[in-house]
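**Q**
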Amino acid sequence: MSNFMAKIRDSRLHTKLLITYLILLLITVSIFSISDYRLNRDTLLEMAQKDVYTIVRKNNELIDVKMSRIREMIYGFTEDSDFYRIIAELDPNDETGVLAADLEIKNILNKYFAQSQDLYSVQVAAPYYVFGNASSANSEHAKNFIPIDGFAESRLKRIAQEAEGRTEWVATYDFAEMFGIEYLKPLNYDYKYLFSAVTHLQGSYLQENNRKYEELPEKPILVLNFKDTMFKNIFEDSIPVEGNTYFVMDENGYIVSHPDSSKLSTRFQIPELDEIMHASHGVRMLKIDGSEKVVAFAKSEVTGWMSMAFIPPSELLEPVVQQYMRNLLISIGIITLLFLTLSVFLSRLITQPFRLMIRAIANTGEGRFETRFEEKGSYEFKVLMKKFNDMNENIKRLIQDNYELQIREKEAEIKALNMQLDPHFMYNTLNMVSLMALEKGEMEVSEVVISLSNMMKYMVKTDTAQVSFRDDLSYLQGYVTIMGKRFEGVFQVEYQIDPEMLDNTVPKFFLQPLVENAFVHGFKQMKSGGILRISCYYEAGVQVYKIEDNGAGMDASQLGNLMTDHHHVGMANVDRRIRILYGDQYGIYIQSVPGQGTTVMVSLPAGREKVGLV
């Protein structure tokens, strides 16, 4: 060992450097490889978990869109006057009349539900007949026919009645077990497992014949049936990893959809189930069936059901780790080969740097700072050459930066002067016009010009998305003043402002489009007698801003066009901005009656701080 160390001590410089670099390279690469693998394994697993969770959540959002659409169809059906008239006037003992009513009700059901590709079937179950079955005779040949006696004793009916008019989602059940159809229990058939949405049809308060319908001893129940393939079509191939299990369960843990149909309507059992249901969404690493698995879950906002995916961590990491190890080994081999090749030429280049350095120093002394030379030779010379090159580069960059900085400072100064000049020119011009109007006794013209000047200052001065209500109200009052001259004598304005709300933070320009609606739609055809009332107050912990007018009002079609406007300004724009800043529970709500006027209400959270985008 001592002889070996002695040989190294007496060897040439490039040999010492070569041996030293090889040792450092091996140590560095080994430490880096081990630590990088461990670090990247945890990072890759965390990224994979987030990706799986994102997929689950996106799939859940797609499910909610479908469920919300179905819920809207149900709401539409529950307001159908023809249905309530048919049921209220129907004699249950008139068999011919019942069959005729069945045909009419089928047409009504088709009007609301026929376009849904996810809906398997829909029926209306009355105490004496089930309307909407595929067979007009209500026979057992119908598509998942529901026997009257079986439905009367079923859990579906009990759940619908207990909901008192609310739509309830019933997790997947065995059709034959639910309705007591004995001969179907041992058989396999298309609708063996279904889940349903049930609504006890209490009647519509908007219909004139609702009183007669309410007098019925027992009201019918709307039943919408679905197969779990509705979920499978969304889940299928959404997670491209072997060994994944994707399923849906209700709030009590009963499985609604699962790749293994034998698990349908059974209860999912894990110790962490209550924790997962309480968390509503997230990703965990849990031990299931004796092995660790990545568990991603998200709860539906419509049904309250939980979408869940199980994936073994090894399946997530295996392809990535294999590719990572291959790339690492290839990189180590390439780096080692290049290092050895460069080291061989070290001795040949040991003297060349002297000549290059002398020449470079002479050029630099003459002011040619662009002088560079190739870094060759031993380690010490490489460092010296690199520092020399860096010095020249820094000198050249400092000269260039100093020159460019002076130019940018001049340009910034000119730009700042221009930005100050243009608005001040406009303000001064408007003030001059106001003074000229005053000299000629044109008080109204002066007032309009002053209001316009203040509005322009507000638009130019404030460049944030959210401002104090005090500033936005001042802008609004200027706008109302200008419109008051245009509609002179047509309307009066009343302000009912809670002083405590003046310092609240609100979206910029959020009231002006709403007040503009009163002028455009409300007072357009009026000659006098118009009242515009602007009020703000707190209600149930929410800021409420209300714009009321007694103008022409709008029908449902006009309201629809108003809220689907895609122009840059308008109510739809304000509503979208509020929902983006504060969430979908806030926004614009409109009530309007033709000939009586329009009320527009804006709800905002009670806090004063800026939130979201600024």
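Sequential numbering of the sequence shown, starting at 1, is according to UniProt numbering. In this text, a Cβ means the ideal position worked out from N, Cα and C, and glycines have one as well. Fair warning: this is a prediction, and the values are worked out from it, not measured in the lab.
1. Can you tell me which residues form a DSSP beta bridge with V256?
2. Might you give, ordered along the chain, the residues of its own chain that have their beta carbon closer than 8 Å to the beta carbon of I34, omitting 5 neighbours on each side?
3. With 16 as the cutoff for other CB atoms within 10 Å, does residue 615 come out buried or exposed?
4. Does DSSP put G304 in a helix, a strand or coil?
5. From which residue to which residue does the beta strand (DSSP E) around N107 run?
6. Inspect the beta-carbon positions of A279 and A296 and report whether they are closer than 8 Å.
7. Considering just the uninterrupted stretch of the beta strand (DSSP E) at I86, what are its terminal residues?
8. Is S291 closer than 8 Å to P271 when the C-beta atoms are compared?
9. Spatial neighbours of N244 within its chain, please: C-beta separation below 7 Å, excluding the five flanking residues on both sides.
10. Taking just the CA atoms, how far does W169 sit from A137?
11. Quick check on M285: does DSSP put it in helix, strand or coil?
12. Identify, in the order they occur along the chain, each residue of the same chain with its Cβ nearer than 6 Å to the Cβ of Y537, setting aside the five sequence neighbours on each side.
13. Hey, G530 and D555: beta-carbon distance below 8 Å or not?
14. For F491, verify whether its CB is less than 7 Å away from any heavy atom of the ligand GTP.
15. How long is the line joining the alpha carbons of Y495 and G522, rounded to whole angstroms?
16. Rank F235, Q202, Y53, A6 by C-alpha distance to the C-alpha of L62 and give the top, closest one.
17. Could you tell me the boundaries of the alpha helix (DSSP H) in which F151 lies?
18. For G553 and Q512, I'd like the C-alpha separation in whole angstroms.
19. Roughly how many angstroms lie between the CA atoms of S79 and I146, to the nearest whole one?
20. Can you round the beta-carbon distance between D228 and T172 to whole angstroms, since I take them to be within the 8 Å contact cut?
21. Pull up the distance between the alpha-carbon of K212 and that of W305, whole angstroms please.
22. Taking 6 Å as the limit between beta carbons, can you name the residues of its chain near Q596, skipping five residues before and five after?
23. In this structure, does DSSP put P127 in helix, strand or coil?
24. Going by the DSSP bridge assignment, what does D174 pair with across the sheet?
25. Which partner residues of K293 appear in the DSSP bridge assignment?
26. Can you tell me whether N225 is helix, strand or coil according to DSSP?
27. DSSP puts R533 in a beta bridge; with which residues?
28. Indicate the three-state DSSP secondary structure (helix, strand or coil) for M601 in the structure shown.
29. Quick check on DSSP: helix, strand or coil for R577?
30. Please classify S314 as buried or exposed, where buried requires at least 16 neighbouring CB atoms within 10 angstroms.
31. Using the Cα positions of P285 and D42, report the straight-line distance between them to the nearest angstrom.
32. Quick check on DSSP: helix, strand or coil for S204?
33. Mind checking who Y183 pairs with in its DSSP beta bridge?
34. Taking C-alpha atoms, which residue in Y189, G489, E215, V574 lies nearest to V600?
35. Can you name, in chain order, every residue of its own chain whose Cβ lies under 7 Å from the Cβ of N60, other than the five neighbours on each side?
36. Once you ignore the five residues that flank K263 on each side, which residues in its own chain have a CB closer than 8 Å to its CB?
**A** In short:
1. According to DSSP, V256 bridges with nothing at all.
2. none
3. Residue 615 lies beyond the stretch modelled for the chain, which goes from 1 to 614, so this question has no answer here.
4. coil
5. First-last for N107: 95–113, but that is the alpha helix (DSSP H), not the beta strand (DSSP E).
6. no
7. No beta strand (DSSP E) contains I86, which is instead part of the alpha helix (DSSP H) from 81–89.
8. no
9. A309, F310, I311
10. Annotation note: pLDDT 38 at A137 (below 50); position unreliable, coordinate value reported separately. Cα-Cα distance, rounded: 28 Å.
11. strand
12. D498, V544
13. no
14. The ligand content of the structure shown is nil, which means the ligand GTP is not present either.
15. 18 Å
16. F235
17. 148–152
18. 18 Å
19. The sequence given here has Glu at residue 79, not Ser. Answer to the nearest angstrom: the Cα atoms are 24 Å apart.
20. 6 Å
21. 37 Å
22. G553
23. coil
24. Y193
25. L286
26. strand
27. E494, E548
28. strand
29. helix
30. exposed
31. According to the sequence as given, residue 285 is Met; it is not Pro. Looking at the two C-alpha atoms, the distance is approximately 13 Å.
32. coil
33. Partner(s): none; Y183 has no beta bridge.
34. V574
35. A298, S300, S307
36. F247, I255
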